[in-house]
Every structure is written in C-alpha cells, then in structure tokens.
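Participant: Pasting a structure here, questions to come.
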Amino acid sequence: MHGKLLPLAGLYLVQGLPYGLQSGLLPVLLRARGLSLTRVGLAKVLYLPWLFKLVWAPLVDTRGSLRVWLMLSTAALGLVCGLLAVLPPAEGGRAGLPVTVAGLLLLLNLGAAVQDVALDTLAVQLLEPAELGPGNTVQVVAYKLGAVLAGGGLLALVPTLSWPLLFLLLAAIYWLAAALVWAAPALQQLPVSQPSERPLRTLHLLQELLAMPGTLWTAGFVLTYKLGEQGASSLFPLFLLDHGISTPELGLWNGVGAVVCSIVGSSLGGALLARHWQPLPLLRSVLRFRLGGLACQTTLLFHLDTPGVRLGPSTVLRGAALLSLCLQHFLGGLVTTTTFTLMMHCSQLAPSALQSPLGPLELLGELFLGTLAGALADSLGLHLCFSLFLALSGMPILYLGLAPSTLA
Numbered sequence: 009m010h011g012k013l014l015p016l017a018g019l020y021l022v023q024g025l026p027y028g029l030q031s032g033l034l035p036v037l038l039r040a041r042g043l044s045l046t047r048v049g050l051a052k053v054l055y056l057p058w059l060f061k062l063v064w065a066p067l068v069d070t071r072g073s074l075r076v077w078l079m080l081s082t083a084a085l086g087l088v089c090g091l092l093a094v095l096p097p098a099e100g101g102r103a104g105l106p107v108t109v110a111g112l113l114l115l116l117n118l119g120a121a122v123q124d125v126a127l128d129t130l131a132v133q134l135l136e137p138a139e140l141g142p143g144n145t146v147q148v149v150a151y152k153l154g155a156v157l158a159g160g161g162l163l164a165l166v167p168t169l170s171w172p173l174l175f176l177l178l179a180a181i182y183w184l185a186a187a188l189v190w191a192a193p194a195l196q197q198l199p200v201s202q203p204s205e206r207p208l209r210t211l212h213l214l215q216e217l218l219a220m221p222g223t224l225w226t227a228g229f230v231l232t233y234k235l236g237e238q239g240a241s242s243l244f245p246l247f248l249l250d251h252g253i254s255t256p257e258l259g260l261w262n263g264v265g266a267v268v269c270s271i272v273g274s275s276l277g278g279a280l281l282a283r284h285w286q287p288l289p290l291l292r293s294v295l296r297f298r299l300g301g302l303a304c305q306t307t308l309l310f311h312l313d314t315p316g317v318r319l320g321p322s323t324v325l326r327g328a329a330l331l332s333l334c335l336q337h338f339l340g341g342l343v344t345t346t347t348f349t350l351m352m353h354c355s356q357l358a359p360s361a362l363q364s365p366l367g368p369l370e371l372l373g374e375l376f377l378g379t380l381a382g383a384l385a386d387s388l389g390l391h392l393c394f395s396l397f398l399a400l401s402g403m404p405i406l407y408l409g410l411a412p413s414t415l416a
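Numbering (my numbering), first residue to last: 9 to 416.
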C-alpha cells in the first residue's frame, strides 16, 4: 500500500500549492494594501476553472493515459510559475492584481484543475476499498500541507522572499513532481483509457451519475456542508488583520498553525474510519462540534468588533482568537476527510467515465460563499454576516437526517 500512497501524497501536495497561494497569501496581501473586503473576495474568481471540470473530466477519464495527463499538467504548472517569476506586480499602491498576473494565475488554476481530474480518477482506480480511509487521509493531509507551504509558510517569509524567487521555487517543485509521475512504479501499471464509441456528452454523463444510488443526496451534502465554514474562514483572518495582528504573525497562525491543526483533524478522521467507524455517524458528531466552535468564534468577533477593543500583544482575547482559528481548522479537517470518503465511495459505484464530477460541487459551494463573503460583510456588517454563517453551518446537521439507506 505504501507504494501507492507515497506518489499520491507527493502529487496531492503540489496540487494544494495554488490553493494555498490564493487563499492564504493573496487575500492577506491585498487587504494589507488597503483593498475592501469585497474586492479581496472577488479575487476568488480566479478559481473559476475548477467549476468547469465537468467539461474536460470525460476527456481526461476516457482519452489516453492518466499518467501522461498528470505529467503534462504538472509540467505545465511549472511553466506558468516560471512566467509568473518574470512578471512581478508593481510594489505599493492600492491597485489590485495586474491583468497579466491575474491571467497567469487563472492558467495556474486551469492546469491544477486538469491535474485534479486525472489524480482523483487515478486514486479511485488505484485504491482498494479497504485502502479508502488511509488514501483519503493522504489526499487531504498532503493537499493541506501543500496549501500551508504556499500560503502561511510563504506569508511568514514575505518580508525576505521576493516574488521572482517565490515562483522559481514553485516551478522547480512542479517539475520535480512531473518527474515523479514519470518514474513512480505504481503509476506505470495503470491501464490506458480506451476511447468511447459514442461522443462524450457532459449532460448525459451527469444524468447517469445522478441516477447512481446515493449520489444525488451526496451531491447536495457536498455542495452545502462547507458554506458557513468557508465564509467564516475567509473573513475572520482579515478581521484579525484589521484589529492589530501583523501579516507575518497571521501567516504563522492562520497559515501554518491552523493548517497543522487541520492536518491533525484529517489524520484523526482517517484513523477513526480505519477503525470501522461509519462516515455518517462520524459526520453527525463532528458537525455538531464544528457548529459549537463557530458559535464561540462568532461571540468572540461580536466582542472584538465593539469600539476601542484591540488585540494587544499578550491579551487573553488574542489567544482566544488564535485558538478559535486552530479549532475550526481542526474540526474542518475531520469533516473534510469523512466527506471525501463518502464521495469516493459513491464514485467507485459509478463507471470510470463518471468518477470525477462530484469534486467540483464542493468547490462550487466554497467559491460561491468565499467570493460573496466580503461583499456580504461590507453591505450587511460583520454581525449579521457571521450570524448567517452560523445558520448555514447548522444546515448539514439537519440534512444528514435525509441520508439514503445505501450510505448508512
């Protein structure tokens, strides 16, 4: 099993780099330059290629070798990073991202989305049913480790690490990962997908997927289970930045510390699933804990948002705020690993051409609220906005009561 999990871990790690770069590093830098929460949130539109995975997922799943798709998409990511290294944005000012840089970041997401389709399909084909728990733990942990390296880790190094050096480093990592794809023995034994005799029709494939037992319910859960969590995790770090926490310190706690807690939560989820815990009862318990943690974070935000209250260097409030970040990421990692196991179980029941389309639904939920969170905060105010996030976090607990018996 280790021969399968090690290459998967390396590939999921590099897949998390663009997410960390644009969710951990970019929003804090833009907010520090004085941009409104609305404009910071709109930067998440760069994730748009992930929503269209259904367009090329059938092509990747049914044409050619997954190994070739992985190698080419990963090498292309290295090329885009190399171009970003020679096109740094101008220093200072309140302007957003230059059009050229934004376009290259969009291409970075496009390459990562193609890589994701091939990698998820590869994992479904490579792992046996008994390996799903450890496999999903590796997937979530490695992805988040990549995110923390490109997000919080780089944010802590921003004062000393230049833009060109940053992207040259990322380019080297991607090219090393492409070499790993070519050399890994476990990936050399994958079968080559045979072209379908009928034209690839995305709508038809989607209809077939939704007809599979339990898929419709799982799609609804995946679409909604992170709405409240994503909204709060998008705004709370920026709120702390506005209230006196420095950029390097925020990178350390929200990037490194919080994601380490998320990795611990994901690992715990895999361990519990490996000990024959069923996903649905585990989700029910963890979602309740997550709701309680978000309620505590919301109460803390209400207090900190009163006039004259600031986070001093050694106050109890500062420690409570940073602890709430870590707790929510820990519980979020536990929820994500369990949900991904549920998603992969549904995918394995489907034909090979249908084994990727559930993934974009999670991103659609995250992208929808993550993009609008800043605009909601600017228009409704933080108090009403976080109350909405709290209500959205309670919805998945009620939705679990509608789970079909096939998933029990």
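For every residue, glycine included, the Cβ atom is placed at its ideal position computed from N, Cα and C.
#1: Just mark F229 as buried or exposed, buried being the case when its beta carbon has 16 or more other beta carbons within 10 Å.
#2: Can you tell me whether G316 is helix, strand or coil according to DSSP?
#3: Determine the direct distance from the alpha carbon of M79 to that of V68, and round the result to whole angstroms.
#4: Within its chain, find whatever has a CB closer than 7 angstroms to the CB of E205; leave out the 5 residues flanking it on each side and keep chain order.
#5: Do you know whose CA, among Y55, V22, L319, lies nearest I181's CA?
#6: Taking only three categories from DSSP, how would you classify G300?
#7: Take G18 as the anchor and find which of S242, G239, V149 has the nearest alpha-carbon.
#8: By DSSP, does R206 sit in helix, in strand, or in coil?
#9: L281 to W225, Cα distance in whole Å?
#10: Tell me whether L173 is buried or exposed, calling it buried when 16 or more other Cβ atoms sit within 10 Å of its Cβ.
#11: Among the residues of its own chain, which have a CB less than 6 angstroms from the CB of G378, if the five just before and after it don't count?
#12: Since I believe L163 is in contact with G263 (beta carbons under 8 angstroms), could you give me their beta-carbon distance rounded to a whole number of angstroms?
#13: Residues in its own chain within less than 6 angstroms of L116 by CB, not counting five upstream and five downstream?
#14: Grouping DSSP H, G and I as helix and E and B as strand, with all else coil, what is S170?
#15: Could you check which residue in G154, N144, A328 has the C-alpha nearest to that of P287?
#16: Secondary structure at H251, three-state DSSP: helix, strand or coil?
#17: Under 8 angstroms by Cβ, that's how I've got A84 and G119 pegged, so tell me the actual separation to the nearest angstrom.
#18: Can you tell me whether DSSP reads T108 as helix, strand or coil?
Facilitator: Let's see:
#1: Translated into positions along the sequence shown, residue 229 becomes position 221. F229 is buried by the Cβ-count criterion.
#2: Residue numbering aside, residue 316 sits at position 308 when the sequence shown is read from its first letter. Reduced to three states, the DSSP call for G316 is coil.
#3: Here residue 68 corresponds to residue number 60 of the sequence shown, with the count starting at 1. Here residue 79 corresponds to residue number 71 of the sequence shown, with the count starting at 1. Spanning the two alpha carbons is a distance of roughly 13 angstroms.
#4: Reading the sequence shown from its first residue, position 197 is the one you call residue 205. In this prediction, E205 scores a pLDDT of 44, lower than 50, which makes its location untrustworthy; the coordinate-derived value is nonetheless stated afterwards. Nothing listed; no residue qualifies.
#5: As a working note, residue 181 is residue 173 in the sequence shown. Comparing Cα positions, the closest option is V22.
#6: Here residue 300 corresponds to residue number 292 of the sequence shown, with the count starting at 1. The three-state secondary structure of G300, taken from DSSP, is helix.
#7: For this step, residue 18 is matched to residue 10 along the sequence shown. Scanning S242, G239, V149 for the CA closest to the CA of G18 turns up V149.
#8: If you number the sequence shown from 1, residue 206 lands on position 198. Because R206 carries a pLDDT of 43, less than 50, the predicted location of this residue cannot be relied on, and the following value inherits that uncertainty. In the displayed model, R206 falls within coil according to three-state DSSP, outside both helix and strand.
#9: Your numbering for residue 281 matches position 273 in the sequence shown. Your numbering for residue 225 matches position 217 in the sequence shown. Cα to Cα, L281 sits roughly 21 angstroms from W225.
#10: Looking up residue 173 in the sequence shown gives position 165. That one is exposed.
#11: Counting from 1 along the sequence shown, the entry for residue 378 is found at position 370. A distance below 6 angstroms between beta-carbons, with the five flanking residues on each side excluded, links G378 to the following residues of its chain, in chain order: K52, Q238, S242.
#12: The sequence position of residue 263 within the sequence shown is 255, counting from 1. The sequence position of residue 163 within the sequence shown is 155, counting from 1. That belief holds up - the Cβ atoms of G263 and L163 are roughly 5 angstroms apart, short of 8 angstroms.
#13: The residue given as residue 116 occupies position 108 in the sequence shown. Once the five neighbours on either side are set aside, the close Cβ partners of L116 are P26, V88.
#14: On the sequence shown, residue 170 is found 162 positions in, with the first residue counted as 1. DSSP, reduced to helix, strand and coil, places S170 outside both helices and strands of the structure shown, so it counts as coil.
#15: Position 279 of the sequence shown, counted from the start, is the residue given in the question as residue 287. Looking at the Cα atoms, N144 is the closest of the given residues.
#16: The residue labelled residue 251 in the question sits at position 243 within the sequence shown. Residue state, collapsed to three classes: coil.
#17: Along the sequence shown, read from residue 1 onward, the residue named residue 84 stands at position 76. Along the sequence shown, read from residue 1 onward, the residue named residue 119 stands at position 111. Distance from A84 to G119 at the Cβ level is roughly 5 angstroms; contact confirmed, criterion being Cβ atoms closer than 8 angstroms.
#18: Locating residue 108 in the sequence shown gives position 100, where the first residue counts as 1. Residue state, collapsed to three classes: helix.
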